[in-house]
Amino acid sequence: AQKVTQAQTEISVVEKEDVTLDCVYETRDTTYYLFWYKQPPSGELVFLIRRNSFDEQNEISGRYSWNFQKSTSSFNFTITASQVVDSAVYFCAQGRGGSQGNLIFGKGTKLSVKP
Amino acid sequence: DAGVIQSPRHEVTEMGQEVTLRCKPISGHNSLFWYRQTMMRGLELLIYFNNNVPIDDSGMPEDRFSAKMPNASFSTLKIQPSEPRDSAVYFCASSFLARETQYFGPGTRLLVL
């Protein structure tokens, strides 16, 4: 069965600190997809990144970076030089391969960045 | 381009009333998803459609919930009769294909008194 675990329920940092959000997934599928979404206080879900299981290349986008390691079934998300606007709940999610469309979400990590 | 549109954004109703949530997916997207978010259960998929056909409704809580997609640009999620435990945020999402990235609407915050 699929499962996504975000062990960190809440994290609090001071502005400009780096912070890493952990995500561990479980699956028996050989092809799958991993996602990160951001949910700011306003409530919408904002797509951040998608990775395919066959592409372990790490990615950097501005202050955001993602580390995908199949050996440890992890897909961690790092924010460098955090800002107050980064305060949100961050969700890791897994999608199955083939034509199936259901996403399995982790419970989310609430990040608070204080000035 | 317009994103996923949901209406209403907020709904307050009394137990026993019928509630209808509406969703307009992104134009050109072939898959549509309904999710529910609660503090206790987090984000969970209720049902999804491919090309207007329901594919997986295993997440629909019970017969009080029903969803339709009469055409490619409109879907409804109906709760009849509503109960206080249905209070949640209901999100609609769409994607080009089922396995592609899902883009979410702003959600409908439902409160059943």
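Sequences listed follow chains A and B, in order. Quick note, our numbering runs 195 ahead of the 1-based positions in the first sequence. Quick note, our numbering runs 1378 ahead of the 1-based positions in the second sequence. The beta carbon of each residue, even a glycine, is placed where N, CA and C say it ideally should be.
Inset, instruction - Round the Cβ separation of F1411 (chain B) and A1450 (chain B) to the nearest angstrom and send it over; I've been treating them as touching at under 8 Å. - result: Numbered from 1 along the second sequence, position 33 holds the residue referred to as residue 1411 (chain B). Numbered from 1 along the second sequence, position 72 holds the residue referred to as residue 1450 (chain B). Not a contact, Cβ separation roughly 14 Å.
Inset, instruction - Spell out whether any CB of chain B is found under 8 Å from the CB atom of Y228 (chain A). - result: Translated into the one-based positions of the first sequence, residue 228 (chain A) becomes position 33. At least one chain B Cβ lies under 8 Å of Y228 (chain A).
Legend entry - Cross-chain neighbours of K198 (chain A) in chain B, by beta carbon under 9 Å: In the first sequence, residue 198 (chain A) corresponds to position 3, counting from 1. Those within 9 Å of K198 (chain A) in chain B number zero; the least Cβ separation is about 12 Å.
Inset, instruction - Please compile the residues from chain B whose C-beta is within a distance smaller than 8 Å of the C-beta of F270 (chain A). - result: On the first sequence, residue 270 (chain A) is found 75 positions in, with the first residue counted as 1. Here the premise fails: no neighbours, minimum Cβ distance about 15 Å.
Legend entry - Neighbouring residues, chain B, relative to K302 (chain A) (Cβ below 7 Å): The sequence position of residue 302 (chain A) within the first sequence is 107, counting from 1. Simply G1420.
Inset, instruction - Quickly, what does DSSP pair N262 (chain A) with across the bridge? List them, please. - result: The sequence position of residue 262 (chain A) within the first sequence is 67, counting from 1. DSSP, once it has assigned bridges, lists A:N271 as partnering N262 (chain A).
Inset, instruction - Have a look at F230 (chain A) and P1386 (chain B) and give me their C-alpha separation to the nearest angstrom. - result: Residue mapping note: residue 230 (chain A) aligns to position 35 of the first sequence, counting from 1. Residue mapping note: residue 1386 (chain B) aligns to position 8 of the second sequence, counting from 1. In a straight line, the C-alpha of F230 (chain A) is about 27 Å away from that of P1386 (chain B).
Legend entry - Same chain, Cβ closer than 7 Å to N1408 (chain B), five either side skipped, listed in chain order: Numbered from its first residue, the second sequence carries residue 1408 (chain B) at position 30. The residues are N1428, N1429, F1474, L1475.
Legend entry - Interface flag, T1479 (chain B) vs chain A, CB-CB below 8 Å: By one-based count along the second sequence, residue 1479 (chain B) stands at place 101. With 8 Å as the cut-off, T1479 (chain B) counts as an interface residue toward chain A.
Legend entry - Option in A:N247, A:Y285, A:K305 with minimal Cα separation from R1477 (chain B): Within the second sequence, residue 1477 (chain B) is the residue found at index 99, counting from 1. Closest by alpha carbon: A:N247.
Inset, instruction - Have a look at K211 (chain A) and V279 (chain A) and give me their C-alpha separation to the nearest angstrom. - result: As a first step, residue 211 (chain A) must be located in the first sequence, where it is residue number 16. As a first step, residue 279 (chain A) must be located in the first sequence, where it is residue number 84. Spanning the two alpha carbons is a distance of roughly 9 Å.
Legend entry - Three CB pairs or more closer than 8 Å across the region 216 to 234 of chain A and the region 1387 to 1406 of chain B: no
Legend entry - Residue of A:S237, A:C287, A:N297, A:D213 minimising C-alpha distance to P1484 (chain B): Here residue 1484 (chain B) refers to the residue found at position 106 when the second sequence is read from its first residue. Closest by alpha carbon: A:S237.
Legend entry - Test item: CB-CB of D1464 (chain B) and L1488 (chain B) under 8 Å: For the purposes of this step, residue 1464 (chain B) is identified with residue 86 of the second sequence, where counting begins at 1. For the purposes of this step, residue 1488 (chain B) is identified with residue 110 of the second sequence, where counting begins at 1. Yes.
Inset, instruction - Output the boundary residues of the beta strand (DSSP E) element that contains E1389 (chain B). - result: The sequence position of residue 1389 (chain B) within the second sequence is 11, counting from 1. Run containing E1389 (chain B): 1388 to 1391, per the beta strand (DSSP E) assignment.
Inset, instruction - Can you have a look at K309 (chain A) and say buried or exposed, based on whether 16 or more other CB atoms are within 10 angstroms of its CB? - result: Locating residue 309 (chain A) in the first sequence gives position 114, where the first residue counts as 1. Exposed, because fewer than 16 other Cβ atoms sit within 10 Å of the Cβ of K309 (chain A).
Legend entry - Nearest-angstrom Cα separation, counted from P235 (chain A) out to L306 (chain A): Reading the first sequence from its first residue, position 111 is the one you call residue 306 (chain A). Reading the first sequence from its first residue, position 40 is the one you call residue 235 (chain A). So the two alpha carbons sit approximately 10 Å from each other.
Inset, instruction - For N253 (chain A), I'd like the list of residues in its chain whose CB is within less than 7 Å of its CB, leaving aside the five on either flank, ordered along the chain. - result: In the first sequence, counting from the first residue as 1, residue 253 (chain A) sits at position 58. Cβ within range, chain order: S260, W261, N262, F263.
Inset, instruction - Below 8 Å on the Cβ atoms is my guess for T1486 (chain B) versus L1423 (chain B); work out the distance and round it to an integer in Å. - result: For the purposes of this step, residue 1486 (chain B) is identified with residue 108 of the second sequence, where counting begins at 1. For the purposes of this step, residue 1423 (chain B) is identified with residue 45 of the second sequence, where counting begins at 1. That pair is no contact at about 16 Å.
Inset, instruction - Look up R1463 (chain B) in the DSSP assignment and say whether it is helix, strand or coil. - result: Against the second sequence, residue 1463 (chain B) aligns to sequence position 85. In this structure, R1463 (chain B) counts as helix in the three-state DSSP scheme.
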